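**Student:**
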Amino acid sequence: MPAIFVIILAPIFAFIWQAMGERQPSSPAKFAFGLFFAGVAFVVITFAARLTGAGRVSPLWLVVVYFIQTLGEMCLSPVGLSTISRLSPVRMVGLMMGVWFLSISVGSYIAGRTTQLFEQGTPEVLTRAFGIFAGITLAAALLLAVITPLIRKMTPRAESA
């Protein structure tokens, strides 16, 4: 499902960023939007989990969550790669792209290990965990939004990303 959303949304986001031209958000702001969408996805799944007593949710909730997560991914992944290519010294671009993908794999590993902690959890425990993840992610989005002007001053070459 997320792959379908990526295929559908990627050209839409590319069009939006191109159409906005100089008025588009900076790369750090796009990252903040991506984190915001991830946080909203956790809010939605928290809400869905609270609606159920047996620990099962409608697949439609999952479709909504995947869609929102993909919105966030469209603000993060292509922007991150573009920013890396702009900020890295020419001879180190390949290495830095590798570090980017390595960080994603490490994050996926940590997410998998975290999920194992909740495999036998009750619906209440999972709901609480989703709520905590939502709070952390939304707080990170807010923090990034607040420090975006500072980041922009420190990385002027990233602005065209």
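For the sequence shown, the numbering used here gives the first residue as 13, with consecutive numbering after it.
All residues carry an ideal CB built from backbone N, CA and C; glycine is no exception.
As the structure is a prediction and not an experimental result, all values here were calculated from the model.
Are MET108 and SER117 closer than 8 Å when you measure CB to CB?
**Tutor:** Not a contact, by the Cβ cut-off of 8 Å.
**Student:** Can you list, in chain order, the residues of its chain whose CB lies under 7 Å from that of PRO40, leaving out five sequence neighbours each side?
**Tutor:** So the list reads LEU156, THR160, ILE163, ARG164, once near-sequence residues are dropped.
**Student:** Helix, strand or coil: how does DSSP classify VAL69 here?
**Tutor:** Note: VAL69 maps to coil in three-state DSSP.
**Student:** Evaluate ILE16 with the Cβ neighbour count: other Cβ atoms within 10 Å of its Cβ, from every protein chain shown; 16 or more gives buried, anything less gives exposed.
**Tutor:** ILE16 should be labelled exposed.
**Student:** Could you say if the stretch 32-47 and the stretch 112-126 meet the contact criterion of at least three C-beta pairs nearer than 8 Å?
**Tutor:** Short answer: they don't touch.
**Student:** Which first and last residues belong to the alpha helix (DSSP H) in which GLY51 is found?
**Tutor:** Per DSSP, GLY51 belongs to the alpha helix (DSSP H) from 39-63.
**Student:** Taking PHE49 and LEU83 to be in contact with their CB atoms under 8 Å, please state how far apart those CB atoms are, rounded to whole angstroms.
**Tutor:** That belief holds up - the Cβ atoms of PHE49 and LEU83 are roughly 5 Å apart, short of 8 Å.
**Student:** Between LEU93, GLU131, ARG103, which lies nearest to LEU114 when the distance is taken from Cα to Cα?
**Tutor:** That would be LEU93, whose Cα lies nearest to the Cα of LEU114.
**Student:** Between the C-alpha atoms of ILE28 and VAL52, what's the straight-line distance to the nearest angstrom?
**Tutor:** Going from the Cα of ILE28 to the Cα of VAL52 covers about 21 Å.
**Student:** Ordered along the chain, which non-local residues of its own chain (more than five positions away) have a Cβ less than 8 Å from that of PHE43?
**Tutor:** Excluding sequence neighbours, PHE43 sits near CYS87, LEU88, VAL91, GLY92, LEU156.
**Student:** Ignore the nearest five residues each way along the sequence and tell me which others in ILE80's own chain have a CB closer than 6 Å to its CB.
**Tutor:** So the qualifying residues of the chain are PHE49, VAL52, ALA53.
**Student:** Apart from the five residues on each side of it in sequence, which residues of its chain come closer than 6 Å, Cβ to Cβ, to ALA146?
**Tutor:** Excluding residues within five positions, the ones whose Cβ falls inside 6 Å are GLY51, PHE54, VAL55, THR58.
**Student:** Would a C-beta distance cut-off of 8 Å place ALA61 and PRO14 closer than the cut-off?
**Tutor:** Going by C-beta atoms, ALA61 is not nearer than 8 Å to PRO14.
**Student:** Alpha carbon to alpha carbon, what distance is there between ARG98 and SER70?
**Tutor:** When rounded, the distance between both Cα atoms is 43 Å.
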